[in-house]
Amino acid sequence: MAAEAKEKKAIVEISELKQYFNAGKKNEVRAVNHVSFSIYEGETFGLVGESGSGKSTTGRALIKLSDITGGQITYKGEDISEIKRRKDLLRFRKSMQMIFQDPYASLNPRLTVKEIIGGALKVHGMAKNGKELTERVHELLESVGLSKQFANRYPKEFSGGQCQRVGIARALAVEPDFIIADEAISALDVSIQAQVVNLLKELKEENNLTYLFIAHDLSMVKYISDRIGVMNRGRVLEICEAEELYQAPLHPYTESLLSAIPTPDPETERQRVRTEYDPAYHHYDDISHVKLHEIAPDHFIYCHKDEVALYKKKREKLLRQKKKYA
Amino acid sequence: MENKAVLEVKDLAISFRTFEGKVQAVRGVNFSLNKGETLAIVGESGSGKSVSTKAINQLLPKKNTLIERGEILFEGKDLLKISEKEMQAVRGNDIAMIFQDPMTSLNPTMQVGKQIAEPIIAHKGVSKEEAKEKALELMDLVGIRDPKESYKNYPHQFSGGMRQRVMIAIALACEPKILIADEPTTALDVTIQAQILDLMNKLKKELDTSIIFITHDLGVVAQMADRVAVMYAGQIVEVGTADEIFYNPMHPYTWGLLASMPTLEVGQTDLYTIPGSPPNLLHPPEGDAFAARNAYAMEIDFHQEPDLFKVSDTHYAKTWLLHPDAPDVQPPLEVQRRKEKYQSLFSGQGQFNRIGGEAIGSRG
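First to last, the sequence lines map onto chains G and R. In terms of this note's numbering, the first sequence opens at residue -11 and continues consecutively. In terms of this note's numbering, the second sequence opens at residue -3 and continues consecutively.
Here's what the structure looks like:
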């Protein structure tokens, strides 16, 4: 898998992204601070962190919902801050779509489902006439597992899970290549989360999509992601392949996130010890040698160069333990 | 466990009048809460878990709520029958609540310390100074740093986790006999959730409060509950001790819930899902409400509501699969794995897989 990844083409490249709010003022907030990572074509990149970690801000910067403070984002080789003309923006937005967290707040309550999904088709001139538009909307509804009879209903008539399916159909309508799912399942019941995750996986296969999947905990991300990045306080602290993250979580913050997830097993819960994260771990006095270091192939940790050896040892120890129990 | 019930809910049925007709949100719910235990009520949105517990404190809108039948017994009184005045003496004093969203349940224009002191003054008739003293103690107890400073702060100056701690302090202010927590951690980050759950467990031990914990997350249930009631379409479909529900579940809906939970084990990539969505309670289906989504449904499930079958003294399930004449079925793999674990954990206790239960009454 690691060798394959090297050959993969990056669809998104984020380098040294900075997003400061109230920049230069007393109440400056460094929401995203020197963040760099790439997303390869055809993969799902999971970005995980708690509220305030900067994960949503990164997603919003990527889709040009905010003007970035510094750094560079390229999408398909093109610097997105250079995309300014209306024609280019339309092309960009047709190629990249977003699914939002709150299924109710992200759908206009005064429009029918057909108007919500069809709106995007109209903007991009993707339907020649009314009949074609209706047909396409019905097709989209069925592809997300909703009945086409829903087309003339309003969002309030649906449950949260159904609304989220409408949101997904809207994102798919313009046949994008890249979709950002910003906490798309966080507001749903656990049993419905499973349904939506499976749906997103199917749609990805059918439509050759690439996802950036933003989430606040590590439990569901595992089922959808190929690689995962863990963010905290505006920085990416750990990036690696999904399997690897659960086998050998190296950064103390990742460990604390994993240990906080309650498991549906009373016996395990009775015995569990939680690890707490001390943010002093990424306060370095001298940051000249602090960056994402590669500990193992495709496994990066934000640390000082002197810590690399320690993390390498830790990883080996973890893998040995896992083998013993397996 | 000593089975001394502090609260008993008997055959509770609640409907809401809407423009489209009568929504039967709760359809005959029975449960009891024992002294010092945590009872978790689990179910999807719309299963009636919040409605049943809001009825306990008479918090449902009077205008369109219809209590069809049933009683809620607390200290010899039926809480459904008492007047608002009598209820005021109980609500917040004997039975307190914590809600999901701490920001909308706190008063944004009032200092948090005063909000904690308010119920103490109202219910215990103490002076302002004494109440303040007690409020500061409570803030310290729930882990709010520097209570003296924080006392004067407003809710917007607190993070989500700290606000929920304030809510818990308010709920505990009058040392209630029962604490109802309605999805108290759903809006919080996992690490904060872990802190709040630990805090609630610690306080429960210290204060010997009985807790009703409402959630849709079985992981949280495993951490909190002594007993679990699983709700579906306005009814309790299975109830038992936490071990019975997690390691020896009997109802296909419980199987589905357990199998669709994500695990952190490496190598598992596909998630089980329960197909379809819950029924519309404007017109509840005939027979077993879960039948349409149930891969194990039998002919009878579509015509006749199942009885509540007894599995053990503490474990009951409302499914025809427990009828002596029902065929043997294989539950999903995940559930089989759990049953094996149960056997190795508690070997020799009880029987597994199918227990030809005895029917005990036809209404759940």
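Even for Gly, the Cβ is constructed at its ideal location relative to N, Cα and C.
C-beta neighbour in chain G for residue i, strict 9 Å
i: LEU260(R); result: yes
i: PHE242(R); result: yes
i: MET257(R); result: yes
i: GLN347(R); result: Below a pLDDT of 50, predicted positions are generally treated as unreliable, and GLN347(R), at 41, falls in that range; the measurement from the model is reported next regardless. With 9 Å as the cut-off, GLN347(R) does not count as an interface residue toward chain G.
i: GLY357(R); result: Note that GLY357(R) scores 37 on pLDDT, short of 50, meaning its location in the model is unreliable and no value can be drawn from it.
i: SER308(R); result: no
i: LYS198(R); result: no
i: GLY283(R); result: no
i: SER11(R); result: no
i: GLN332(R); result: no
i: SER273(R); result: yes
i: LYS337(R); result: yes
i: GLY230(R); result: no
i: GLU4(R); result: no
CB contact below 9 Å: residue i versus chain R
i: PRO143(G); result: no
i: THR251(G); result: yes
i: VAL162(G); result: no
i: GLY155(G); result: no
i: HIS204(G); result: yes
i: ALA(-10)(G); result: Because the pLDDT at ALA(-10)(G) is just 45, under 50, the model does not fix this residue reliably, and the value given afterwards should be weighed accordingly. Not an interface residue.
i: GLN89(G); result: no
i: SER69(G); result: no
i: GLY148(G); result: yes
i: MET84(G); result: no
Local conformation of residue i per DSSP, three classes
i: LEU75(R); result: coil
i: TYR265(G); result: coil
i: GLU232(G); result: helix
i: ILE112(R); result: helix
i: GLN326(R); result: coil
i: SER273(R); result: coil
i: ASN26(R); result: strand
i: HIS279(R); result: coil
i: THR242(G); result: helix
i: LYS45(R); result: helix
i: PHE138(G); result: helix
i: CYS151(G); result: helix
i: THR122(G); result: helix
i: GLY217(G); result: strand
i: TYR338(R); result: helix
Amino acids of chain G, ordered along the chain, whose beta-carbon sits closer than 7 Å to that of residue i
i: VAL216(R); result: PRO250
i: ALA190(R); result: ALA248, ARG262
i: GLN219(R); result: PRO250, GLU257
Where residue i meets chain R, residues with beta-carbon distance less than 7 Å
i: ASN186(G); result: LEU267, THR269
i: GLN183(G); result: THR269
i: TYR272(G); result: Per Cβ cutoff of 7 Å: no residues; TYR272(G) is ~22 Å from chain R at best.
Beta-carbon spacing of residue i, residue j below 9 Å
i: HIS212(R); j: GLU40(R); result: yes
i: SER206(R); j: ASN30(R); result: yes
i: GLY222(G); j: GLY42(G); result: yes
i: TYR199(G); j: ILE168(G); result: yes
i: HIS287(G); j: GLU190(G); result: no
i: ALA221(R); j: ALA238(R); result: yes
i: ASP67(G); j: ILE61(G); result: yes
i: ALA11(G); j: THR46(G); result: no
i: LYS314(R); j: ASP303(R); result: yes
Inter-residue spacing [alpha-carbon to alpha-carbon] between residue i and residue j
i: GLY344(R); j: PHE305(R); result: Per-residue confidence for GLY344(R) stands at a pLDDT of 49, beneath the threshold of 50, marking its modelled position as unreliable; no derived number is given.
i: VAL224(G); j: ALA287(R); result: 47 Å
i: ILE52(R); j: LEU75(R); result: 7 Å
i: GLU(-8)(G); j: LEU197(G); result: At GLU(-8)(G), the pLDDT of 49 sits below 50, so the modelled position is not reliable and the matter cannot be decided from this model.
i: GLN160(R); j: GLU4(R); result: 28 Å
i: VAL2(R); j: LEU128(G); result: 53 Å
i: GLU295(G); j: LYS279(G); result: 11 Å
i: LYS144(G); j: PHE138(G); result: 12 Å
i: ILE164(R); j: LYS64(G); result: 50 Å
i: ILE188(R); j: LEU245(G); result: 10 Å
i: PRO267(G); j: ARG303(G); result: 21 Å
i: GLY59(G); j: VAL138(R); result: 43 Å
i: MET93(R); j: GLY72(R); result: 21 Å
i: GLY17(R); j: LEU278(R); result: 7 Å
Under 8 Å from the C-beta of residue i: neighbouring residues of chain G
i: LEU341(R); result: GLU255
i: ALA238(R); result: PRO254
Interface partners of residue i on chain R, CB under 9 Å
i: GLU120(G); result: Near GLU120(G) there are no residues of chain R at all, since even the closest Cβ is about 30 Å away, more than 9 Å.
i: VAL178(G); result: GLU40, HIS212, ASP213, LEU214, GLY215, LEU253, SER256, MET257, PRO258
Per-residue contacts from residue i into chain R (C-beta, under 8 Å)
i: LEU245(G); result: VAL186, THR187
Heavy atom of the ligand COA within 8 Å of residue i beta-carbon
i: LEU176(G); result: This structure lacks the ligand COA, and indeed carries no ligand of any kind.
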